[in-house]
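One structure is given below, encoded as structure tokens.
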Amino acid sequence: MPPHEPTATISCPEPDRDALPTFTGYRNLLGLIRQLSSLGGCAQPIRLEGQRTEIDASTGEILRELKSKELPAGHLLVRCGNRRATRCPSCAELYRQDTYHLIAAGLRGGKNIPDQIAAHPRVFATLNAPSYGPVHGRRVNGSARCRCGRTHTKGDPLLGTPLDPEWYDYTGAVLWNAHAPALWARFMLHLRRTIAATAGLPQRLLHKIVRVSYAKVAEYQQRGLIHFHAVIRLDGPTGPYTPPPAWAPPELLADAIRITTGTASIRRSLQRTRTGGLTHLPTKTRASERRIALPTECCHSLKEHRERQNKERETAASAWRDSGLVFTTPTGGPLDPANLTRRFGSFLGRTGLRRIRFHDLRHSTATLLLEQGVDLVVIKELLGHAHIGVTAGVYAHVRLRLQRQAIDTLNAALSPDEDATDAPASAIVH
Ligand SMILES: [Zn+2]
Ligand SMILES: [Zn+2]
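Using the numbering used here, you'd call the opening residue of the sequence shown number 135 and step up by one each time.
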């Protein structure tokens, strides 16, 4: 609305059938048609009342005057601008087209965006909601049949509704939708942090070198959950007008998105105390409280685990205790560390693997990573050690073995080659 519009009231009355005779007897019908056609088919135009006067500030001369009462419709009519096709098909379509051009310009240039934008790294990402229980669907494992045994046609009102409403996690689903915008904000915050960490930059300096921008669409799935489709793009410090730095190719952006979405946060520990039984306690040190990236394989396993847990919840029925934990007993309670140790021991026995403590898996991970040449600093953060000295001390034997191998490689490279004595002396040290 122009700033010099002095008064405006908005009213949106119900359609008045009795007004039809007044309408047909209207004198300025052509003017009315012109006014209505300027709305482009808006189904719910907003009626504005008031007046607007433009005055030449130097002479005091009235340049233009508009009084809503004097307009053919008796009101100033403006488009409602609603994005929902169910409310106003015309305005929703206009919004859709505007959005299309806006996003297209951000991908290939045009509309004051340089064409070079097409070379900036961008990723099309879909961020989906977790499962809150099985729902009726159209495609499961490639067949058209739903898990309920029937084949649903398109538009079937059953689609997206829970298979078993009694055990569907409605609370989780409602909380997901309520927190979806905040989750998106968190995702963007951590994505910027991940990119800064990859580049070895403090987060506050990131925007001076690279900008992360996005266009996102929140969409309701058939099961009523919000999910996001987004184009995420990297630009230089002034946005679309400067290229991003060479160290930030599309792969870096895709990896950063994967790292940001597939992470686990370590916030508390569960321990058996003498007085309180199984109790949630703070982590050992501040460094132990951390976020770690999960391998894709692990994310898949966690998804499958959730499905299994949903089944356990169905089986447990009213005996289920909702603890909000990822790994639980068949009735939803926390796992007792002693039981975990026993189950892990029998698992090792069954598979014929060497007996180690559950805690030793940490060392196996760290050793494997060290052997792959992963930096000690990264391993320190992954394990949650407070100081790198601790990590270096614990894995001194591994590092010694790796050093031995490196020296042997060097030794082999420097020794005269028995097979090709004429070859020039050269050494390749990895
Ligand atoms: Zn409209
Ligand atoms: Zn079904």
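Using N, Cα and C, we set each Cβ at its ideal position, and we do this for glycine too.
In this text, all values refer to a predicted model and were calculated from it rather than measured experimentally.
Bounds of any alpha helix (DSSP H) do not take in Leu-173, whose DSSP letter is neither H nor E.
Sequence-distant Cβ neighbours of Leu-293 in its own chain, meaning closer than 6 Å and more than five residues away, are His-270, His-286, Gln-356. In the DSSP assignment, Ala-259 is bridged to Ala-364.
Taking a contact to require three or more Cβ pairs closer than 8 Å, the stretch 345-354 and the stretch 409-428 do not qualify as touching. In this structure, Val-344 sits away from Leu-309, with a CB-CB distance that is not shorter than 8 Å. By the criterion of at least three beta-carbon pairs nearer than 8 Å, the stretch 525-537 is in contact with the stretch 502-510. Taking 7 Å as the cut-off, one finds at least one heavy atom of ligand 1 near enough to the beta carbon of Asn-216. Per DSSP, Tyr-348 is one residue of the beta strand (DSSP E) stretching across 345-354. Distances from the CA of Gly-370 to each of Ile-513, Arg-256, Gln-178 were compared; the closest alpha carbon is that of Arg-256.
Here the distance from the Cβ of Cys-222 to the nearest heavy atom of ligand 2 is not below 7 Å. About 33 Å separates the beta carbons of Thr-475 and Thr-394, which is beyond the 8 Å limit, so they are not a contact pair. Exposed is the label assigned to Trp-381, since fewer than 16 other Cβ atoms lie within 10 Å of its Cβ. Closer than 7 Å to some heavy atom of ligand 2: that does not describe the Cβ of Arg-447.
Collapsing the DSSP output to three states places Thr-187 in a strand. Here Arg-213 is near Leu-173, since their CB atoms are less than 8 Å apart. If the five residues before and after Thr-449 are omitted, its C-beta is found closer than 8 Å to the C-beta atoms of Pro-464, all from its own chain and listed in chain order. When secondary structure is reduced to three states using DSSP, Gln-405 falls in the strand class. For Glu-446, the uninterrupted alpha helix (DSSP H) segment begins and ends at 430-450. When the beta-carbon positions are compared, Ile-237 and Pro-374 stay at least 8 Å from each other. Not one heavy atom of ligand 1 is found less than 7 Å from the C-beta of Gln-231. Per DSSP, the unbroken beta strand (DSSP E) holding Ala-427 starts and ends at 424-427. Non-local C-beta neighbours of Trp-454 in its own chain, meaning closer than 7 Å and more than five positions away in sequence, comprise Arg-447, Thr-465, Gly-466, ordered along the chain.
With respect to the 8 Å criterion, Ala-500 and Leu-517 are classified as neighbours on the basis of their beta carbons.
In this structure, the alpha-carbon of Glu-188 lies about 30 Å from that of Ala-177.
In the three-state DSSP reduction, Leu-200 falls in the strand class (E or B).
Of the candidates Ala-312, Gly-396, Lys-201, His-341, Gly-396 places its Cα closest to the Cα of Phe-321. Ala-219 sits in coil when the DSSP states are folded into three classes, being neither helix nor strand.
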